[in-house]
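S.K.: There's a structure below that I have some questions on.
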Amino acid sequence: MHVDVQDVLNCMAYGHWETRNLSPAEHSEITLFYDQIRKEKTIPTNLQRPDKLCGNVTFPNVVYRALCDPNGDTPCCYNNVCTNKTQHQCTCTDCRDTRQPIHAEYATWRPSDPTCQLRHLSHNEICELLDGATLYFIGDSFVRHVFTAFLLAARNNETHGAMAKNTPADLRSSCAGLFMFTEKVCRLHVDSDTNVCNNTAKVKLLYYYSSGSASSVHDAIIGLNNVNRSIVFLGMGIHDHFNEEKVQKQVLLPLLQKMNSSSMTYSKLVWMGIHSPGLLGSPNFPYQSYEAVKRYNKFIGQFLREWHVPIFEAFNLTDGTASFDGEHYGLGVNRVKVQILLNYLLELRKKQMW
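Residue 259 in the numbering used here is what sits at position 112 of the sequence shown, and the numbering runs on without skipping anything.
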């Protein structure tokens, strides 16, 4: 790899998804997952309203954006009405087409830079890399999903690997595979404070999801100052309505000042940039819009670069992939996020920085 360690997070997160046709079994699998998780969130199975209005309206009594039925006669949301257009015709600025997003579970991520390709570490390589490490994942549900996928990789188990040992048997069954990423029940049983790789590495999820938890965030991170081979993956914003100045002034600036006064290296911290919103994102919440998230990422990114804090920008990685609710992504996206973070840790170790 011929790139600087700070650039690994950046270059590996820019590229494209190499897609293929789904098998009937794969199509059934992802459809079942989407139907169940949307049912939990009271999103209708059919994303099209009877009156065919879409785009700038929600479903009755539900905050999510109304779209169009990809299997019906009017699959394209064009000028806020479901119309009969092909995928090629449904590519205007304000068009929304649920036929087009990529299911990352069945696609391969290809970074654009030929000198910065993603290495897929074996389970033995992952455990060798993590030997003696302490990893904290701090933030909101976006970070929790990365943590979930991290446990799957560290335990080499994509069936039950993220679930706590005391999870009831019936939930272990219903929270298997893709369903570990559901938002109502399974998330409550994620193994949030545990060891992996034969107890040689400690991993912990701290669900501090907004600036209101700033002091807890600061204490947790500063507490790792003298912990050998420790690192923190931190991300938040949506619960602060992507108010960039609030997060900067209440969370990040005081944290960096405390780290500086403690002589704590900034390589112990990775900021998890906000991924792209999906099609179902509510028109009622303009602060969660595509442009609002880009603005937030740009502001926070510029601020953190001044402090030389590593940033994992996931916007390009997720732009155009399928989100089950317009905010969150499942196993496919989060699996790749984890692979990129592992490659970053590998590069840190090569440079004897971790």
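Even for Gly, the Cβ is constructed at its ideal location relative to N, Cα and C.
Could you check whether G425 and D472 sit closer than 9 Å to each other, using their CB atoms as the reference points?
M.R.: For the purposes of this step, residue 472 is taken as residue 325 along the sequence shown, with counting starting at 1. For the purposes of this step, residue 425 is taken as residue 278 along the sequence shown, with counting starting at 1. Yes, they are a contact pair.
S.K.: Pick from D154, V379 and T465: whose alpha carbon is nearest that of A280?
M.R.: Position 133 of the sequence shown, counted from the start, is the residue given in the question as residue 280. Looking at the Cα atoms, V379 is the closest of the given residues.
S.K.: Which same chain residues, not among the five before or five after T230, have their C-beta less than 6 Å away from its C-beta?
M.R.: What you label residue 230 is simply residue 83 of the sequence shown in a count that begins at 1. So the list reads T221 and C223, once near-sequence residues are dropped.
S.K.: Along the chain, where does the beta strand (DSSP E) containing N342 start, and where does it finish?
M.R.: For the purposes of this step, residue 342 is taken as residue 195 along the sequence shown, with counting starting at 1. Per DSSP, the unbroken beta strand (DSSP E) holding N342 starts and ends at D340 to V343.
S.K.: Per DSSP, which residues does V417 bridge with? Please list them.
M.R.: For the purposes of this step, residue 417 is taken as the residue at position 270 of the sequence shown. F380.
S.K.: Given 8 Å as the limit, is there contact between the stretch 394-413 and the stretch 442-453, that is, 3 or more CB pairs closer than that?
M.R.: yes
S.K.: For the alpha helix (DSSP H) containing G448, list its first residue and its last residue.
M.R.: Translated into the one-based positions of the sequence shown, residue 448 becomes position 301. From DSSP, the alpha helix (DSSP H) with G448 extends over Y437 to E453.
S.K.: Look up M148 in the DSSP assignment and say whether it is helix, strand or coil.
M.R.: One-based indexing of the sequence shown puts residue 148 at position 1. Residue placement at M148 is flagged as unreliable, the pLDDT there being 35, under the threshold of 50; a coordinate-derived value is accordingly withheld.
S.K.: Considering only the beta carbon of each residue, do A348 and L277 sit closer than 9 Å?
M.R.: Counting from 1 along the sequence shown, the entry for residue 348 is found at position 201. Counting from 1 along the sequence shown, the entry for residue 277 is found at position 130. Their beta carbons are under 9 Å apart, which means A348 touches L277 by this criterion.
S.K.: Starting from the Cα of I385, find the closest Cα among Q404, Y355 and T295 and give me that residue.
M.R.: As a working mapping, residue 385 is identified with position 238 in the sequence shown. Taking only the C-alpha atoms, the option nearest I385 is Y355.
S.K.: Since R212 and P430 are thought to touch, with beta carbons under 8 Å apart, how far apart are those beta carbons, to the nearest angstrom?
M.R.: Indexing the sequence shown from 1 puts residue 212 at position 65. Indexing the sequence shown from 1 puts residue 430 at position 283. Taking the Cβ atoms as the reference, R212 lies roughly 6 Å from P430, within the contact range of under 8 Å.
S.K.: Quick one: Cα of G467 to Cα of L352, how far?
M.R.: Residue numbering aside, residue 467 sits at position 320 when the sequence shown is read from its first letter. Residue numbering aside, residue 352 sits at position 205 when the sequence shown is read from its first letter. So the two alpha carbons sit approximately 28 Å from each other.
S.K.: Would you kindly work out how many angstroms separate the C-alpha atoms of Q234 and C158, rounded to a whole number?
M.R.: Taking the sequence shown and counting its residues from 1, one reaches residue 234 at position 87. Taking the sequence shown and counting its residues from 1, one reaches residue 158 at position 11. Rounded to the nearest angstrom, the two C-alpha atoms are 30 Å apart.
S.K.: Checking 9 Å against the spacing of the C-beta atoms, do C239 and Y253 come in under that value?
M.R.: By 1-based counting over the sequence shown, the position of residue 239 is 92. By 1-based counting over the sequence shown, the position of residue 253 is 106. For C239 and Y253, no; Cβs fall outside 9 Å.
S.K.: Please report the Cβ distance between V337 and K484, rounded to the nearest whole angstrom; I am assuming they are in contact, meaning their Cβ atoms lie under 8 Å.
M.R.: Counting from 1 along the sequence shown, the entry for residue 337 is found at position 190. Counting from 1 along the sequence shown, the entry for residue 484 is found at position 337. Their Cβ separation, rounded to whole angstroms, is 16 Å, which puts V337 and K484 out of contact at 8 Å.
S.K.: Going by Cα to Cα distance, which pick from N375, F446 and P248 is closest to R167?
M.R.: Working through the sequence shown from its first residue, we reach residue 167 at position 20. Measuring from the Cα of R167, the nearest candidate turns out to be P248.
S.K.: Spell out whether any CB of chain B is found under 9 Å from the CB atom of F432.
M.R.: Among the chains in the structure shown there is no chain B, since it carries only a single protein chain.
S.K.: Where do the ends of the beta strand (DSSP E) carrying T230 lie?
M.R.: If you number the sequence shown from 1, residue 230 lands on position 83. Start and end: V228 to T230.
S.K.: Can you list, in chain order, the residues of its chain whose CB lies under 7 Å from that of V150, leaving out five sequence neighbours each side?
M.R.: Here residue 150 is taken as the residue at index 3 of the sequence shown, counted from 1. In this prediction, V150 has a pLDDT of 47, which is less than 50 and means its spatial position is unreliable; nothing more can be read from the coordinates.
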